[in-house]
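Data first, discussion second: the structure below is written as structure tokens.
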Ligand SMILES: [Zn+2]
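In my numbering, the protein residues as written are 342 to 750.
Laid out in structure tokens, this is it:
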């Protein structure tokens, strides 16, 4: 807390006085501080680095068409100097009940996308986020409205004749509603939901798996195309020499989806219960789109159990499905929701409880993981799961567990 106050004090004072000055750090490197210039989002703060810092960066709108979140702000900190350090104070909407800063990341071997900036604090009193970021790039601020949209605008029309007929015909037969798993990318079901999926199947529940993005934008595509090396593969691919040629977006997506289907079938999900919805095929995914998808399933399968990734997830495309369930649960538009913590967030997000598989369930999860390292380009099998997140698979297989929590956690 003290740390935050000091940071806030520095930010506050810097706004009034700093244009550019030098400080001497302990290791005797002369660093300069400059303040963030005026901008449309009223983002304030400082930039620290070597040389003429004020001329080394700019702030402007982000034109990265990777993921859009409704009305939320998107901006870019542009600089060729990747050693610049930014201390930002970002105002958020007055009626928001919170805000989170996400930074676009596509380096390394992990999945590309918006990931939660680690060092940030939300100040509810002043409706602002204080964040520390290095290197700049594309950012998005995700806010949650304090006043939820009226349930009427989103809830399924339960008075519609079709629903009445459906409930009238099913009332005599006692069928348990299905468990519906919303999956952001082709691998999340095995990495983070495998125990939940197999447990529900073994309890006799119908399990429906809904993939809601096309899985494009993964660094694995660059790796397969020989643009980036892979430590898991042990080198850089040569698509021509290896005989598979360039992998474009549709081919990459369909190969990933084949991995998903094969993995889900190893877990025990019926092929007809694997639904490919690709909400983000145009690169834009909004919270409302995910909510509409959930409501569509709730309307088709009243009182279904809805399962998604945690709203606390570090990846924005994951967190969206969690937030959709949390909002709809609070609106009473759905009655049963569970959130799953990503393998990537196991050490950061510790709410809820750990679920452990039986020997048989663990065996099926291991088989599903095998699907993601299958390499056979002749039949368009490219081990995309392991090319993109091998460390997460290794961590899963070392100790097969899921972490799940309720919508109020
Ligand atoms: Zn994912």
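Note that the Cβ used here is the ideal one computed from N, Cα and C, for glycine as well.
As the structure is a prediction and not an experimental result, all values here were calculated from the model.
Beta-carbon to beta-carbon, residue 539 and residue 601 are separated by about 16 Å, too far to satisfy the 8 Å threshold. Under a 10 Å Cβ-count criterion, residue 378 is classified as exposed, with fewer than 16 other Cβ atoms of the shown protein chains found around its own Cβ. Inter-residue distance for residue 713 and residue 597 is about 9 Å (C-alpha atoms, whole angstroms). Annotation: the continuous beta strand (DSSP E) that includes residue 415 extends over 415-420.
In this model, residue 737 and residue 681 are separated by some 14 Å (Cα to Cα).
The shortest C-alpha to C-alpha distance from residue 419 to any of 426, 435, 399 and 436 is the one to 399. Contact between the stretch 692-701 and the stretch 561-574 is not established, with fewer than three Cβ pairs separated by less than 8 Å.
By the criterion of a C-beta distance shorter than 6 Å, residue 472 is surrounded in its chain by 429, 442, 458 and 461, once the five residues flanking it on both sides are discounted. Residue 593: member of the alpha helix (DSSP H) spanning 590-608, first to last residue. Under the 10 Å beta carbon count, residue 391 is surrounded by fewer than 16 other beta carbons and is classified as exposed. Residue 435 has no beta-bridge partner at all, per DSSP.
Annotation for residue 659: the continuous alpha helix (DSSP H) segment containing it runs 657-671. The chain-ordered list of residues whose CB is nearer than 5 Å to some heavy atom of ligand 1 reads 525, 526 and 529.
Between residue 610 and residue 548 the beta-carbon gap is near 5 Å, inside 8 Å, which marks them as a contact.
Minimum Cα-Cα distance from residue 690 among the listed residues 655, 677 and 665 corresponds to 655. As far as DSSP is concerned, residue 563 takes part in no beta bridge.
Classified as buried, residue 668 has 16 or more neighbouring CB atoms from the shown chains inside 10 Å of its CB. Contact between residue 748 and residue 670 holds: their C-beta atoms lie close to 4 Å from each other, under 8 Å.
Nearest C-alpha to residue 386 among 431, 393, 416 and 446: 431. Per DSSP, residue 706 is one residue of the alpha helix (DSSP H) stretching across 700-712. Membership of residue 734 in the alpha helix (DSSP H) is indicated by the continuous run 725-739.
Considering only 479, 575, 729 and 742, the residue with the shortest C-alpha distance to residue 684 is 742. 7 Å or more divides the Cβ of residue 484 from the Cβ of residue 551. Cα atoms of residue 727 and residue 635: separation of roughly 29 Å, rounded to the nearest angstrom. Closest in C-alpha terms to residue 414, from the list 424, 599 and 402, comes 402. By the 16-neighbour rule on beta-carbons within 10 angstroms, residue 645 is buried. Beta-bridge partners assigned by DSSP to residue 637: none are found. Note on residue 735: under 16 other CB atoms within 10 angstroms of its CB, so exposed under the neighbour-count rule. Residue 745 is classed as buried because its beta carbon has at least 16 other beta carbons within 10 Å across all chains shown. For the options 665, 588, 394 and 658, the alpha carbon positioned closest to that of residue 638 is the one of 665.
For residue 541, the uninterrupted alpha helix (DSSP H) run begins and ends at 535-543, by DSSP. Following the DSSP letters along the chain, one finds residue 616 inside the beta strand (DSSP E) bounded by residues 615-617.
Judged by DSSP secondary structure, residue 680 falls within the beta strand (DSSP E) whose first and last residues are 677-682.
If you check the CB distance, residue 479 and residue 417 come in under 7 Å.
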